[in-house]
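Following numbering that gives the first Met the number 0, the numbering of the sequence shown begins with 0 at its first residue and continues without gaps.
For each residue, glycine too, the CB sits at the ideal point set by N, CA and C.
Note that this is a predicted model, so its numbers are computed, not measured.
I have placed the structure first, in the form of structure tokens, so that the comments after it can refer back to it.
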Amino acid sequence: MATLEIVCPVCAELLELTDEDRAELEVGDVIVCDSCNAEMEVTRNGAGEDFELELLGVLTTCPNCGEEFDVTDEMLADAPTIEGRDGVAATLISCPHCRAQIELEFEEVE
Ligand SMILES: [Zn+2]
Ligand SMILES: [Zn+2]
């Protein structure tokens, strides 16, 4: 069975989709990365390599109130970046539920 390999745009984890998986996917469906919880919408699902995803956001669980929410590109663009003790850049976002400030660390994938 053919397997399509997709690289997660957030964490670079390799996601494998079998023909069976793809047969169940339709344009508009959302795939979630096992490793980083990034949500990706299927924008093309044709034959063979004809497959495209668009990153929607990263599903994050607030450590303060336990609610899940999506961190989107727009939120990241507006969020201040701070530098942690070990020199790792972190982005400060606030939980839409309880307004707690959460530090997110992203690996740059550029
Ligand atoms: Zn990922
Ligand atoms: Zn919260």
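Practice problem: Have a look at L58 and I81 and give me their C-alpha separation to the nearest angstrom. | Solution: What you label residue 58 is simply residue 59 of the sequence shown in a count that begins at 1. What you label residue 81 is simply residue 82 of the sequence shown in a count that begins at 1. Answer to the nearest angstrom: the Cα atoms are 21 Å apart.
Quiz item: What is the C-beta distance between G27 and V41, in whole angstroms, given that I count them as a contact (C-beta under 8 Å)?
Solution: Against the sequence shown, residue 27 aligns to sequence position 28. Against the sequence shown, residue 41 aligns to sequence position 42. Right, their Cβ atoms sit about 7 Å apart.
Exercise. Could you tell me whether any non-hydrogen atom of ligand 2 is closer than 7 Å to the CB of E102?
Key: Here residue 102 refers to the residue found at position 103 when the sequence shown is read from its first residue. Outside the cutoff, so no.
Quiz prompt | Pair within 8 Å by beta-carbon distance, A37 and V9 | solution = Locating residue 37 in the sequence shown gives position 38, counting from the first residue. Locating residue 9 in the sequence shown gives position 10, counting from the first residue. Cβ atoms of A37 and V9: closer than 8 Å.
Quiz item: Between the C-alpha atoms of E53 and P79, what's the straight-line distance to the nearest angstrom?
Solution: Position 54 of the sequence shown, counted from the start, is the residue given in the question as residue 53. Position 80 of the sequence shown, counted from the start, is the residue given in the question as residue 79. Cα-Cα distance, rounded: 24 Å.
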